[in-house]
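Here the structure is laid out as structure tokens; the discussion comes afterwards.
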Amino acid sequence: MRPFAASAAALALSAALVSPAHAAPGGAAKEQIVRVDVPDAPSARRLAGLGLDLAEASGPGWADVVLRSPSDAAALRGAGYTWRVRVADLGADRERDRAYAARTARSPLPSGRTSYRTLRDYESEMAALARRHPSRVRGFTLPERTLEGRRVRGIEIGHHVSARDGRPVFLMVGLHHAREWPSGEMAMEFGYDLLRRDGRDREITRLLDTTRVVLVPVVNPDGFNLSRGGGALEYKRKNCRVVDGKDAPPPLCAKPANEELGVDVNRNYGFGWGGTGSSADRTAGDYHGAGPFSEPESRNIRDLVSSRQVTTLITNHTYGGTILRPYFSKAEGVAPDERAYKALSDAMSAQNGYTGMRSGDDYETTGETNDWSYYATRGLGYTIEFGRKSFHPAFETLVDEYHGTGPTAGKGARGAFLVALRNAADRGAHSVLRGRAPGGATLSITKGFTLWTSPVGARKPRPVPTRLTSSMRVPANGRFVWDVNPSVRPEPPFTPAGQKPVTGLLQEKWTLTCTARGHSSTVRVLVDRGRQAYLDLGRCR
Numbered sequence: 001m002r003p004f005a006a007s008a009a010a011l012a013l014s015a016a017l018v019s020p021a022h023a024a025p026g027g028a029a030k031e032q033i034v035r036v037d038v039p040d041a042p043s044a045r046r047l048a049g050l051g052l053d054l055a056e057a058s059g060p061g062w063a064d065v066v067l068r069s070p071s072d073a074a075a076l077r078g079a080g081y082t083w084r085v086r087v088a089d090l091g092a093d094r095e096r097d098r099a100y101a102a103r104t105a106r107s108p109l110p111s112g113r114t115s116y117r118t119l120r121d122y123e124s125e126m127a128a129l130a131r132r133h134p135s136r137v138r139g140f141t142l143p144e145r146t147l148e149g150r151r152v153r154g155i156e157i158g159h160h161v162s163a164r165d166g167r168p169v170f171l172m173v174g175l176h177h178a179r180e181w182p183s184g185e186m187a188m189e190f191g192y193d194l195l196r197r198d199g200r201d202r203e204i205t206r207l208l209d210t211t212r213v214v215l216v217p218v219v220n221p222d223g224f225n226l227s228r229g230g231g232a233l234e235y236k237r238k239n240c241r242v243v244d245g246k247d248a249p250p251p252l253c254a255k256p257a258n259e260e261l262g263v264d265v266n267r268n269y270g271f272g273w274g275g276t277g278s279s280a281d282r283t284a285g286d287y288h289g290a291g292p293f294s295e296p297e298s299r300n301i302r303d304l305v306s307s308r309q310v311t312t313l314i315t316n317h318t319y320g321g322t323i324l325r326p327y328f329s330k331a332e333g334v335a336p337d338e339r340a341y342k343a344l345s346d347a348m349s350a351q352n353g354y355t356g357m358r359s360g361d362d363y364e365t366t367g368e369t370n371d372w373s374y375y376a377t378r379g380l381g382y383t384i385e386f387g388r389k390s391f392h393p394a395f396e397t398l399v400d401e402y403h404g405t406g407p408t409a410g411k412g413a414r415g416a417f418l419v420a421l422r423n424a425a426d427r428g429a430h431s432v433l434r435g436r437a438p439g440g441a442t443l444s445i446t447k448g449f450t451l452w453t454s455p456v457g458a459r460k461p462r463p464v465p466t467r468l469t470s471s472m473r474v475p476a477n478g479r480f481v482w483d484v485n486p487s488v489r490p491e492p493p494f495t496p497a498g499q500k501p502v503t504g505l506l507q508e509k510w511t512l513t514c515t516a517r518g519h520s521s522t523v524r525v526l527v528d529r530g531r532q533a534y535l536d537l538g539r540c541r
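Have a look at this one:
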């Protein structure tokens, strides 16, 4: 392809698109989303190096960028790029939200909400659901406080939710990125939906018998609280790590001058940390942090996944209209479970109309949630980028996206979520341990291994010690069934020596310990996807 050169006419048009005609009242420039022409890979890499706010929505020949000020537009012009405006005023949707809430008593959403939730709304609603449905909803708090001292909370939904049984887990999380408000809303609405239809819809009732649905709608409460407050920080993306290695008192993160500081929590996971699609620049939108799992928010999700048998994971984001799966960087090579990954992606796409693809074919990243969870647990995880236009569009757009109404007629998020939940329950898609043990005994399975960060230049990969451990209680009749992820793990492409494409599976085993009445015994169990292992643990001696 010939080298890219901007014509004088194109540059003049670009200048016009950010001219004073787009200034807000009082002369302040309006924040915009523009679609930048990137005809080849070198131009895409140069764009990523400009330090602008990339929206992570891209396609053949284009990438979306947030223009915060005239200086951002000047940086694009100076680098020779052309673009067209996609959203001329990001603040205009808030006016639409106020009008929608004023004319709508109850929306078609399962909760009936008519506006985006605040952090207080999320926390109070989750607590209310747990009080209202004590046998079906259990609230929980993740172990680490945020940098501003907040708790990260979630709910677990299922029949007999407090039982320590062996059901598989479907996990959905939102708001890794503070400004992506619909990502948390989708998780909450799905929870309301399940509870409303339980007992009325035969399939939903069966799924709540056979699975546990775990929802963490706000992974990054510090950043979200600032973004949801509006004003200069409405489009904050990252957490509140203003200074590496130090907690931030709330007034420090809230200063507009520090808006660009913080860590991208979704580049901070240990597997492949520090590589393609993340930055070492503390002001960059994809700053990966000082080290793998340096942030409490990513450690919270790591610990949650490591202590549950999460057979299917959805991490919600905005925007792009895509369902993303590994590989997340092309150098990783195609995942050993690509066939299963693609089949489930296609089934979800048929419901919400989004494009399913390997993430690295859209935009390359490392240190991402689903890449880490897959290579650690072999549970299938996806990133769903909701919407097609902006990070938190007008609220009524969310209503359409959830149900598949309006412009998205017949294609909704709800249907895609149900497909993913069915997969979590499907014993052909994970593994099963079953057998006999003393009634009331505790069974635990563990596995430990080392994952590695990306090699970058002369920097050697760092080890990421990884330990998975979960437990269940044997029913009184002494017969147990435990839905688990396979013990057989994908061979990781990041190694102590550097990087290589994935070539296959590691024939690892779970270590299973049975403890009862002061006695314990341990066995090693090899089990692959779609397989079951029978264990007679006798008296746990």
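Going by UniProt numbering, the final residue of the sequence shown carries number 541, and the count climbs one at a time with no gaps. Where a beta carbon is used, it is the ideal one built from N, C-alpha and C, also for glycine.
beta-carbon residue i near the ligand ADP non-hydrogen atom, thresh 7 Å
i: residue 111; result: Looking for the ligand ADP in the displayed structure turns up nothing, as the structure carries no ligands at all.
Whether residue i touches residue j by CB criterion (8 Å)
i: residue 480; j: residue 424; result: no
i: residue 124; j: residue 179; result: no
i: residue 375; j: residue 492; result: yes
i: residue 111; j: residue 101; result: no
i: residue 97; j: residue 395; result: yes
i: residue 377; j: residue 315; result: no
i: residue 468; j: residue 535; result: no
i: residue 528; j: residue 431; result: yes
i: residue 62; j: residue 85; result: no
i: residue 367; j: residue 288; result: yes
i: residue 531; j: residue 509; result: no
i: residue 237; j: residue 264; result: yes
i: residue 482; j: residue 166; result: yes
Local Cβ density within 10 Å of residue i, reported as buried at 16 or more and exposed below that
i: residue 566; result: The structure shown does not extend to residue 566, since the chain is modelled only from 1 to 541, so the question has no answer here.
i: residue 309; result: buried
i: residue 71; result: exposed
i: residue 460; result: exposed
i: residue 519; result: exposed
i: residue 476; result: exposed
i: residue 221; result: buried
i: residue 128; result: exposed
i: residue 274; result: buried
i: residue 74; result: exposed
i: residue 209; result: exposed
i: residue 25; result: With a pLDDT of only 41 at residue 25, under 50, the local geometry of the prediction cannot be trusted, and no value is derived from it.
Helix, strand or coil at residue i according to DSSP, with G and I counted as helix
i: residue 385; result: strand
i: residue 262; result: coil
i: residue 125; result: helix
i: residue 156; result: strand
i: residue 519; result: strand
i: residue 532; result: strand
i: residue 352; result: helix
i: residue 444; result: strand
i: residue 524; result: strand
i: residue 287; result: strand
i: residue 423; result: helix
i: residue 439; result: coil
i: residue 194; result: helix
i: residue 540; result: coil
i: residue 181; result: helix
i: residue 58; result: strand
i: residue 294; result: coil
i: residue 246; result: strand
i: residue 514; result: strand
i: residue 483; result: strand
i: residue 316; result: strand
i: residue 372; result: helix
Cβ-Cβ separation, residue j to residue i (assumed contact under 8 Å), whole Å
i: residue 505; j: residue 484; result: With 8 Å as the limit, residue 505 and residue 484 do not qualify as a contact, their Cβ atoms being about 16 Å apart.
i: residue 319; j: residue 386; result: 6 Å
i: residue 137; j: residue 169; result: Actually they are not in contact, since the Cβ atoms of residue 137 and residue 169 sit about 15 Å apart, beyond 8 Å.
i: residue 240; j: residue 147; result: 5 Å
i: residue 271; j: residue 464; result: 7 Å
i: residue 304; j: residue 224; result: The pair is not a contact, with the Cβ atoms about 18 Å apart (cut-off 8 Å).
i: residue 211; j: residue 380; result: Between residue 380 and residue 211 the Cβ distance is about 14 Å, and since that is not below 8 Å, they are no contact.
i: residue 276; j: residue 261; result: Rounded, the Cβ-Cβ distance is 23 Å, inconsistent with contact.
i: residue 478; j: residue 439; result: 5 Å
i: residue 470; j: residue 278; result: Contact flag wrong, Cβ pair sits at about 30 Å.
Any contact of the region 143-153 with the region 214-231, i.e. 3+ C-beta pairs under 8 Å? In the pairwise beta carbon analysis, the region 143-153 is classified as touching the region 214-231: at least three pairs are separated by under 8 Å.
Does the structure place the region 66-74 close enough to the region 29-48 that three or more beta carbon pairs sit under 8 Å? Segments in contact, yes.
For the region 447-455 against the region 410-420, are there 3 or more C-beta pairs whose distance is under 8 Å? Output reads no: the region 410-420 does not touch the region 447-455.
Is it a yes or a no for the region 286-295 touching the region 345-358, going by three-plus beta-carbon pairs under 8 Å? The answer is no - the region 345-358 does not touch the region 286-295, with fewer than three Cβ pairs under 8 Å.
The region 348-359 / the region 85-95 touching (three or more Cβ pairs under 8 Å): Flag = no, the region 348-359 and the region 85-95 do not touch.
Does the region 323-341 come into contact with the region 181-191, if we say contact requires no fewer than three beta-carbon pairs (one atom in each stretch) closer than 8 Å? As far as the Cβ criterion goes, the region 323-341 does not touch the region 181-191, which means the pair count is below three.
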